[in-house]
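Q:
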Amino acid sequence: MNFQLTEEHLAVQEAAREFAQSELLPGVIDRDSEAKFPHEQIKKMGDLGFLGMMVDPKYNGGGMDTISYVIAMEELSKIDASASVSMSVNNSLVCWGLEKYGSEEQKQKYLTRLATGEILGAFCLSEPEAGSDATSQRTSAEWNGDHYVLNGTKNWITNGSTASVYLVIAQTDASKGHKGISVFLVEKGWEGFVIGKKEDKLGIRGSDTHSLMFTDVKVPAENRIGEEGFGFTFAMETLNGGRIGIAAQALGIASGAYELALAYSKERKAFGKPISQHQAIQFKLADMATQIEAARLLVYKAAWLKDQGEDYAHASAMAKLYASEVAMNVTVEAVQVHGGYGYVKEYHVERLMRDAKITQIYEGTSEIQRIVISRGILK
Ligand code: CAA
1 MNFQLTEEHL
11 AVQEAAREFA
21 QSELLPGVID
31 RDSEAKFPHE
41 QIKKMGDLGF
51 LGMMVDPKYN
61 GGGMDTISYV
71 IAMEELSKID
81 ASASVSMSVN
91 NSLVCWGLEK
101 YGSEEQKQKY
111 LTRLATGEIL
121 GAFCLSEPEA
131 GSDATSQRTS
141 AEWNGDHYVL
151 NGTKNWITNG
161 STASVYLVIA
171 QTDASKGHKG
181 ISVFLVEKGW
191 EGFVIGKKED
201 KLGIRGSDTH
211 SLMFTDVKVP
221 AENRIGEEGF
231 GFTFAMETLN
241 GGRIGIAAQA
251 LGIASGAYEL
261 ALAYSKERKA
271 FGKPISQHQA
281 IQFKLADMAT
291 QIEAARLLVY
301 KAAWLKDQGE
311 DYAHASAMAK
321 LYASEVAMNV
331 TVEAVQVHGG
341 YGYVKEYHVE
351 RLMRDAKITQ
361 IYEGTSEIQR
371 IVISRGILK
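Just so we're aligned, residue 1 is where the sequence shown starts under the UniProt record's numbering, counting upward by one.
1. Across which residues does DSSP place His210 in a beta bridge pair?
2. Who are the Cβ neighbours of Ala313 in its own chain at under 7 Å, not counting the five residues just before and after it?
3. Label Val168 either buried or exposed according to how many other C-beta atoms from any shown protein chain fall within 10 Å of its C-beta, with 16 as the threshold for buried.
4. Would you grab the beta carbon distance between Val165 and Glu199 for me? Rounded to a whole angstrom, and I think it's under 8 Å.
5. For the stretch 117-194, list the beta strand (DSSP E) runs that are entirely contained and at least 3 residues long, ordered along the chain.
6. Residue 430 lies in the alpha helix (DSSP H); which residues open and close that run?
7. On the CB-based measure, 16 or more other CB atoms within 10 Å of its CB, does Ala221 come out buried or exposed?
8. Take every Cβ of the stretch 1-18, pair it with every Cβ of the stretch 65-76, and state whether three or more of those distances are shorter than 8 Å.
9. Can you list, in chain order, the residues of its chain whose CB lies under 6 Å from that of Val12, leaving out five sequence neighbours each side?
10. With distances taken Cα to Cα, identify the nearest neighbour of Phe184 among Arg370, Val217 and Ile225.
11. Which same chain residues end up closer than 8 Å to Asp208 when comparing Cβ atoms and leaving out the 5 residues on each side of it in sequence?
12. According to DSSP, simplified to helix, strand and coil, what is residue 405?
13. Relative to the C-alpha of Lys357, which candidate in Lys78, Ile204, Asp56 and Ser33 has its C-alpha closest?
14. Does Pro220 come out as helix, strand or coil in the three-state DSSP assignment?
15. Are the stretch 100-109 and the stretch 141-154 in contact at 8 Å, needing three or more beta carbon pairs?
16. Could you check which residue in Arg113, Met1 and Leu25 has the C-alpha nearest to that of Gly46?
17. Have a look at Leu5 and Gln291 and give me their C-alpha separation to the nearest angstrom.
18. So what's residue 381 in DSSP terms, helix, strand or just coil?
19. Nearest CA to the CA of Gly117: which residue from Gly256, Asn91, Gly180 and Gly252?
20. Does the beta-carbon of His348 have 16 or more other beta-carbons within 10 angstroms, so that it is buried, or is it exposed?
21. Is any heavy atom of ligand 1 found at a distance shorter than 7 Å from the C-beta of Glu363?
22. By Cβ distance below 6 Å, which residues in the same chain neighbour Lys345 in space, the five residues on each side in sequence not counted?
23. Quick one: any contact between the stretch 277-288 and the stretch 314-322, if contact means 3 or more CB pairs under 8 Å?
24. Less than 7 Å between the CB of Ala184 and some heavy atom of ligand 1, yes or no?
25. Which residues does DSSP pair with Asn225 in a beta bridge?
26. In this structure, does DSSP put Lys36 in helix, strand or coil?
27. Rounded to whole angstroms, what is the Cα-Cα separation between Met328 and Tyr148?
28. Between Ala303 and the rest of its own chain, which residues show a CB-CB distance below 6 Å, the 5 nearest in sequence each way excluded?
29. So, are the CB atoms of Thr135 and Gly177 less than 8 Å apart?
30. Here's a check: name, in chain order, each residue in its chain whose Cβ is nearer than 8 Å to the Cβ of Glu325, leaving out the five neighbours to either side.
31. Once DSSP output is grouped into helix, strand and coil, what is the label at residue 390?
32. Hey, would you say the C-beta of Val89 is under 7 Å away from at least one heavy atom of ligand 1?
33. Examine ligand 1 and report whether any of its heavy atoms sits within less than 7 Å of the Cβ of Val94.
34. Could you spell out where the alpha helix (DSSP H) holding Phe19 opens and where it closes?
35. Going by DSSP in three states, Lys306 sits in which element: helix, strand or coil?
36. Can you tell which of Glu333, Asp307, Ile253 and Ala334 has the C-alpha that lies nearest to the C-alpha of Ser82?
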C-alpha cells in the first residue's frame, strides 16, 4: 500500500491550487452574493483541461485517472464550490456516461466538445416528484414511428441554462417500471424545450440551477444512449461515479474552511495569546484535521477502486456520506473559530458553511447513500 501521490498527481494538485487562487478567488464573494455564474472562470477551466479530465485523449480529454480528478476537485472546491459543481457534473455525470455507453457518432458529435469545455453538459434525472425515488419518472419519451416525443419537467438541474447538451432520463414504457426508462441526448434550442426558473439557493449560489420543461420535443432515435430500457442502469452507474466527484467537492469545502480557521487561529489574539494556543481551539482544529484526513482516505479509496475497474458503488456512497458530513461539521466549526468575523462574508467561511449543505443533498441525499451502502454490505 502506497499513500504517496505520484509526480503527476502532485502536478495536478499544484495546477489546480494555483488556478483556484489566481482565477477563482478574485470575485468569489460577489459571484455568491449576486448569484452570478462563473462564465469566464469555467471557460478557463475548459482551456486547462479541467472539464474532461478522465476522457480519452482521442475525444479531446485529459486521459487522467480518477485520483487526479478528485485531487483537482478538492483544490478548486476549497475556493469556489459553485465552479466545481459544474466541473463535477460535466466530468462525471455527462462525459463519463457518454464515453462509456454512447455510440461513436454521439461521442464525435458531443463528447469531443464537452471534454474541452467548448460546450457544457447537464444531467437531468430529478423531477418535481422523483428526487430520491428515481424510478418514479414522469417524463416520457414516446416513439411515434420516426422519432421520440419528449414531455415532462425536470428540477434542480445543474448547468441548467448554461449547458448546450442535456442527458435526459425518461420513461419509454411505463408498464416496465425501472426497466422501461431510457436516456437521451437533447440539445438546447430544440422546439418545445424551455429553460424554467433559476433557483435562488442557500449555497453554491454561483452555480446555475434550473427547472426544465419539455413539451412535444422531437428527439431523433440516434440520440438515445444504449438500448431502450437502459436509462435507469445508466443513471445509477453514472451516479456511482458522480458521488466520488461530490465527495471530493465536500472534502474541498471542508479543507478550505479548515485552512482558513487554522490561519486565523494563529493570527487572532485573545487573553494575551493567539487563540491557537488555547486548548478549546486546539481541540477543534484537531477534530477538523482528523475528520478531513479520514474523508480524504475514503474519497481516494473510492477513486482508486474505480481506476482499478473494481466495484465502487458502495465505496463511493461511503465517501460521499462521510465527506459531506465532515464538510458540514468542519465548516460550522470554522465559523465558530472565527467568532463574529466568521459570520460575515469577507472571511469566506460562512459561504463555505452554506455551500457544504448541498453536498448532503445532491446526487443522492445522505439517506440514499445509506441505502446504497447497506445494500452493498448485505448483498
Ligand atoms: N449502481 C448500479 N446499479 C444500481 C444501483 C447502483 N448504485 N442502485 C440500484 N441499481 C440497480 C439495481 O441493481 C436494479 O437493477 P436490476 O433491476 O437489473 O436488478 C435496479 O437498479 C433497480 O434497483 P432498486 O430496485 O434497488 O431501485 P430502487 O427503486 O429501490 O432505488 C435507489 C434505488 C438507490 C434509491 C435509487 O433510486 C437512487 O439512487 N436514488 C437517488 C437518485 C439520485 O441520486 N438523484 C440525484 C439526482 S442527480 C443530481 O443531483 C445531479 C446534479 O445536478 C448535481
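Cβ atoms here follow ideal geometry from the backbone N, Cα and C, with glycine treated the same way. In this text the structure is predicted, and so the values were computed from the model without any measurement.
A: Looking at the coordinates:
1. For the purposes of this step, residue 210 is taken as residue 210 along the sequence shown, with counting starting at 1. The partner list for His210 (beta bridge, DSSP) reads Ile157 and Lys198.
2. Here the question's residue 313 lines up with position 313 in the sequence shown. Correct list, in chain order: Asn240, Val372 and Gly376.
3. As a working mapping, residue 168 is identified with position 168 in the sequence shown. Buried is the call here.
4. Position 165 of the sequence shown, counted from the start, is the residue given in the question as residue 165. Position 199 of the sequence shown, counted from the start, is the residue given in the question as residue 199. So it is not a contact: roughly 21 Å between Cβ atoms.
5. 121-124, 140-143, 148-158, 165-171 and 181-187
6. Within the shown structure, residues of the chain are numbered from 1 to 379, placing residue 430 beyond reach of any answer.
7. One-based indexing of the sequence shown puts residue 221 at position 221. The residue is exposed, with fewer than 16 neighbouring Cβ atoms inside 10 Å.
8. yes
9. Along the sequence shown, one-based indexing puts residue 12 at 12. Result list for Val12: Ser68, Ile71 and Ala72, in chain order.
10. Here residue 184 refers to the residue found at position 184 when the sequence shown is read from its first residue. Ranking Arg370, Val217 and Ile225 by Cα distance to Phe184 puts Ile225 first.
11. Sequence index remark: in the sequence shown, residue 208 carries index 208 (1-based). The residues are Phe37, Ser86, Thr158, Asn159, Gly160, Ser161, Thr162 and Lys198.
12. Look at the range of the chain in this structure, 1 to 379, and you will see that residue 405 is not part of it.
13. Counting from 1 along the sequence shown, the entry for residue 357 is found at position 357. Minimum Cα distance to Lys357 is reached at Ile204.
14. The residue labelled residue 220 in the question sits at position 220 within the sequence shown. In this structure, Pro220 counts as coil in the three-state DSSP scheme.
15. no
16. As a first step, residue 46 is located in the sequence shown; it is residue number 46 there, counting from the start. Among Arg113, Met1 and Leu25, the Cα nearest to that of Gly46 belongs to Arg113.
17. To locate residue 5, count along the sequence shown from 1; it is residue 5. To locate residue 291, count along the sequence shown from 1; it is residue 291. Taking the straight line joining both Cα atoms gives about 20 Å.
18. Limits of the chain in this structure are 1 at one end and 379 at the other, which puts residue 381 out of reach.
19. Start at 1 with the first residue of the sequence shown, and residue 117 comes out as number 117. Nearest C-alpha to Gly117: Asn91.
20. Here residue 348 is taken as the residue at index 348 of the sequence shown, counted from 1. The residue is buried, with at least 16 neighbouring Cβ atoms inside 10 Å.
21. Position 363 of the sequence shown, counted from the start, is the residue given in the question as residue 363. Checking the Cβ of Glu363 against ligand 1 gives yes.
22. In the sequence shown, residue 345 corresponds to position 345, counting from 1. So the list reads Ile29, once near-sequence residues are dropped.
23. no
24. Translated into the one-based positions of the sequence shown, residue 184 becomes position 184. The question names Ala, but residue 184 is Phe in the sequence shown. The answer is no for Phe184.
25. Position 225 of the sequence shown, counting from 1, holds the residue named residue 225. One detail in the question is off: residue 225 reads as Ile in this sequence, not Asn. Note: Ile225 sits in a beta bridge opposite Val183.
26. Taking the sequence shown and counting its residues from 1, the one referred to as residue 36 is at position 36. Coil.
27. On the sequence shown, residue 328 is found 328 positions in, with the first residue counted as 1. On the sequence shown, residue 148 is found 148 positions in, with the first residue counted as 1. Straight-line Cα distance between these residues: approximately 43 Å.
28. The residue labelled residue 303 in the question sits at position 303 within the sequence shown. Around Ala303: Thr66, Ile67, Val70 and Ile244.
29. In the sequence shown, residue 135 corresponds to position 135, counting from 1. In the sequence shown, residue 177 corresponds to position 177, counting from 1. For Thr135 and Gly177, yes; Cβs fall inside 8 Å.
30. Translated into positions along the sequence shown, residue 325 becomes position 325. Cβ within range, chain order: Gln360 and Ser366.
31. This structure cannot settle anything about residue 390, because the visible part of the chain is limited to 1 through 379.
32. The residue labelled residue 89 in the question sits at position 89 within the sequence shown. The answer is yes for Val89.
33. As a first step, residue 94 is located in the sequence shown; it is residue number 94 there, counting from the start. No.
34. By 1-based counting over the sequence shown, the position of residue 19 is 19. Phe19 -> alpha helix (DSSP H) spans Glu7 to Phe19.
35. Locating residue 306 in the sequence shown gives position 306, counting from the first residue. Here Lys306 sits in helix by DSSP.
36. On the sequence shown, residue 82 is found 82 positions in, with the first residue counted as 1. Ser82 has its Cα closest to that of Ile253, out of Glu333, Asp307, Ile253 and Ala334.
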